[in-house]
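Written out below as structure tokens is the structure these notes cover.
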Amino acid sequence: MFKYYLMLSWLSVKRTPMLTALMVLAIGLGISVTMTVLTVNYLMGKDPIPEKSHQLFHVQLYTYGKDRSNPRSADGYPYQVTYQDAMNLSRSEIPNRKTRSLQTGYSVIPSSSDSSPFMETARAIDSDFFAMFKVPFIYGGAWESSVDTKAKQVVVLGKEINDRLFKGENSVGKQVNLNSNLYTVVGVIDDWQPAIHYYDLNNNHFGDTQQIFVPFSLLPVLELPSWGNNNGWKTETINTYQDKLNSEQMWNQFWVELESPQQKEKFQAWLEGYVEQQKQLGRFEHENAGGSLKDVVEWMDYNNVVSDDNTILVGLAFMFLAVCLINTIGLLLAKFLRRAPEVGVRRALGASQGEIFVQHLVDVGLIGLAGGTLGLLLGQLGLWGIKQLYANYHQLVYMDMTLVVLAILIAIGSSVVAGLYPAWKICRTNPSIYLKIQ
Amino acid sequence: MLQMNNIKKVFRTDLVETHALRDFSLQVEEGEFVAVTGPSGSGKTTFLNITGMLETFDGGTYMLDGQDVKGLNDKQRSRLRNEKIGFIFQSFNLIPDLNLFDNVDVPLRYRGFSSKERKQRIENALERVGLSARLKHLPSQLSGGQQQRVAIARALAGEPRFLLADEPTGNLDSLMARQVMQLLEEINQQGTTIIMVTHDSELARRAHRNIHIVDGQVSDYQDLQPVLEVAEA
């Protein structure tokens, strides 16, 4: 019967093309707005590395003095760690992998005299970073782990900058001039663009990933500046780079990879031991002093990556969809009631109320499918608009297959809900009224 | 096989109650051809709608083929209607955007027949009314008489035991009306019971029995002649 109902729905579309087009347009508009907002919201909150997000932990230390806390975080912990803590944490042998991390930047001086120097953000990290965050390489790979302790001027380039400096060729072994220092290229990564920069939520969450990755061990050697947030709570005299390294300023991040809950427990205990040790050394004076581990999803929630504003926006988008559907209900009533005489005939020929009801719901489902398809096309237009307005969001403005399926399901589902009353109304119509006058 | 006892039907609005049928009793035997006459508003169509289970009733009993109709739910009534009753209407009531094949197919779809059986029944039914060559035509491409023959084919395709006809010749000229009437008589001779509402005394005279309804009650169904005289007057 479903095939028969589909055939009848198609005939119904042909019989009332304008009315049907209006309904498809109403649903399409509702779906496009909803899906545009939902896409951004969904990609913001989506687990960026589901296969191991529960194994990657961001480390926080409550390093504040007495009566100090981070007013922005839920538990008062600072978001970042000091350089000296990053150094100390990296000495733990418990994690499978670990990395210190800092957003820095360079003036890139191309070898070709006809190209001008340009500024580029960079990330100072340990060699484990690439394996931890599953960064794909096209040429070479990460530097040797010995470089993490014994600084060497090596660099991993992003595909984009490799295209720019080396025309996309394999540049491993070649040299790049950064801040007038020559770095040897050891690897080139593919186009790696996680929707969220979850590995550093202190700085811009969205936008392009860095194109230059250098060893963290170069910080004290080359005095690499911080191009990210620097949070201080203590009055300190910082005149030299060494002063900064020794200070209580928090400007580094620290990540560990822990494969099992037991390993996590072990590292957590180690962390508590470290805090106690630091207390004895006169640091970590706060009564809440401690260490905290948050996996990727927890870390994103903790940083309110999907803000309340976004959630409100999703609510508003669904309200707009509801308005579109209310209009559709009116149009459906008009469409169905025009067909009441035919329904009368069908009832006389043996159709039950249930069969008439289902036939009309199939009718609505078909309209919903068309509306959903139109909504997807209009949604692409909306996402394109966002891309034009907010360049940083360009990683968030595409619909993956999940969203496409979701859009169609929402369109059909909401249309069927909207069609319940009109379908119920028409199936309850007394057929005898129409049989005499048709 | 069709028995109504003291059927009551009242149409109510906020202001007025209209007794469409009052203590209406009737028995129709298998194979009969019954004509139902009466003035406008007398309750003929209400009677036909209740007979076809398109309307419920407020009192009395109605047995169709030994089954008490009153206790049935919508699904059961629809099933019974689909299996046992065929309808023919004054204005044919064909579905305009379905071709003849698909129009005749409508009751068979709800019956749940296989595609092969439906095809066979549709072709037989249309052949029976002389329209087997026009399967793909739309109703609008046919004359009024032909449309009514399609409606008859649609009513017959499911092989119902009853055919309920509401003014089946009302929209036809006299020649076409005679042809349709002739077809109904043939169908009746083949065993289908027919109940036909009509204003046409000539057609009523051709039925086995005539029931005259006045004010929602059977005026006289024993003696045909006085009824026809009243109708002609």
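For the record, the sequence lines run as chains E and G. With numbering that gives the first Met the number 0, letter number 421 in the first sequence gets 420, and the count goes up by one each step, no holes. With numbering that gives the first Met the number 0, letter number 179 in the second sequence gets 178, and the count goes up by one each step, no holes. Quick reminder that beta carbons are idealized off the backbone N, C-alpha and C, glycines included. Values in this document were obtained by computation on a predicted structure and should not be read as measured data.
*Assumed close pair D294(E), F56(E) - CB separation to whole angstroms, cut-off 8 Å*: 6 Å
*asked:* Beta-carbon within less than 6 Å of Y220(G)'s beta-carbon, same chain only, minus the 5 sequence neighbours each way: which residues are those?
replied: Confidence at Y220(G) is low in this model, with a pLDDT of 48, below 50, so its placement is unreliable and the value that follows should be read with caution. Answer for Y220(G): I210, listed in chain order.
*At least one CB of chain G closer than 8 Å to the CB of Q437(E): is that the case?*
Model confidence at Q437(E) stands at a pLDDT of 42, short of 50, so the residue's coordinates are unreliable; what they give is reported in the following sentence. Chain G, which has a Cβ nearer than 8 Å to the Cβ of Q437(E), makes this yes.
*Within chain G, partners of P16(E) - CB distance below 7 Å*: By Cβ distance, chain G contributes nothing, its closest Cβ being about 12 Å from P16(E), past 7 Å.
*Between the region 343-371 of chain E and chain B, which residues of the former have a C-beta closer than 9 Å to a C-beta of the latter?*
Judged by its chain identifiers, the structure shown contains no chain B, and its protein chains are E and G.
*Residue from Y63(E), Y82(E), M118(E) and F215(E) with nearest C-alpha to D242(E)*: Y82(E)
*M17(E) - DSSP class collapsed to helix/strand/coil*: helix
*Coarse secondary structure for E271(E), derived from DSSP in three states*: helix
*If you compare alpha carbons, which of S8(E), E297(E), I30(E) and F215(E) is closest to V155(E)?*
F215(E)
*Between M175(G) and the rest of its own chain, which residues show a CB-CB distance below 7 Å, the 5 nearest in sequence each way excluded?*
G143 and G144
*Just the chain E side, please: which residues come within less than 7 Å of K74(G) by C-beta, in chain order?*
S351 and G353
*So, using beta-carbon positions, are F23(G) and V217(G) closer together than 8 Å?*
yes
*Indicate the three-state DSSP secondary structure (helix, strand or coil) for A34(G) in the structure shown.*
strand
*Comparing alpha-carbon positions, which option in V304(E), T19(E), D300(E) and V213(E) lies nearest N326(E)?*
T19(E)
*Does the separation of the CB atoms of R204(G) and V33(G) fall below 8 Å?*
no
*Are the beta-carbon atoms belonging to E184(G) and Q89(G) less than 8 Å from one another?*
no
*Residues within the region 79-100 of chain G neighbouring chain E, beta-carbon criterion of under 7 Å*: R80, N81, F86, F88, S90, N92, I94 and D96
*Residues of chain G with CB under 7 Å from P430(E), in chain order?*
L53
*First and last residue of the alpha helix (DSSP H) that includes R99(E)?*
No alpha helix (DSSP H) holds R99(E); the beta strand (DSSP E) holding it covers R96 to I108.
*alpha helix (DSSP H) runs wholly inside the region 290-345 of chain E, at least 4 long, in chain order*: 295-301 and 307-337
*Pick from P430(E), N176(E) and V134(E) that is closest to K158(E), judged by C-alpha positions*: V134(E)
_Beta-carbon gap between L320(E) and T38(E) smaller than 8 Å_ = no
*State yes or no: is the beta carbon of Y109(G) nearer than 8 Å to at least one beta carbon in chain E?*
yes
*asked:* Taking 8 Å as the threshold (C-beta atoms), are Q147(G) and F100(G) in contact?
replied: no
*In three-state terms, what does DSSP make of E256(E)?*
strand
_What residue range does the alpha helix (DSSP H) around Y240(E) cover?_
Y240 to N245
*Count the C-beta pairs between the region 296-306 of chain E and the region 86-103 of chain E that are closer than 8 Å, then say yes if the count reaches three, no if not.*
no
_Whole alpha helix (DSSP H) elements within the region 106-178 of chain G, 4-residue minimum_ = 114-127 and 143-156
_Taking 8 Å as the threshold (beta carbon to beta carbon), is L434(E) in contact with chain G?_
yes
*Please list, in chain order, all residues of the same chain as V32(E) whose beta carbon is under 6 Å from its beta carbon, the five residues on each side excluded.*
A316 and F319
*Interface residues of chain E around S77(G) at Cβ under 9 Å?*
R346, G349, A350, S351, Q352, G353 and E354
*asked:* Measuring CB atoms only, is the region 47-63 of chain E touching the region 23-32 of chain E, in the sense that at least three cross pairs come out at less than 8 Å?
replied: no
*Given that a residue counts as buried once 16 or more other Cβ atoms are within 10 Å of its Cβ, and exposed if not, what is N287(E)?*
exposed
_Whole-number beta carbon distance between T15(E) and G378(E), since they are thought to touch under 8 Å_ = Incorrect: roughly 26 Å between the Cβ atoms, too far for contact.
_Member of V274(E), L336(E), W269(E) and R427(E) whose CA lies at the smallest distance from the CA of L257(E)_ = W269(E)
*In terms of alpha-carbon separation, which member of N228(E), L368(E), L434(E) and W142(E) lies closest to N202(E)?*
N228(E)
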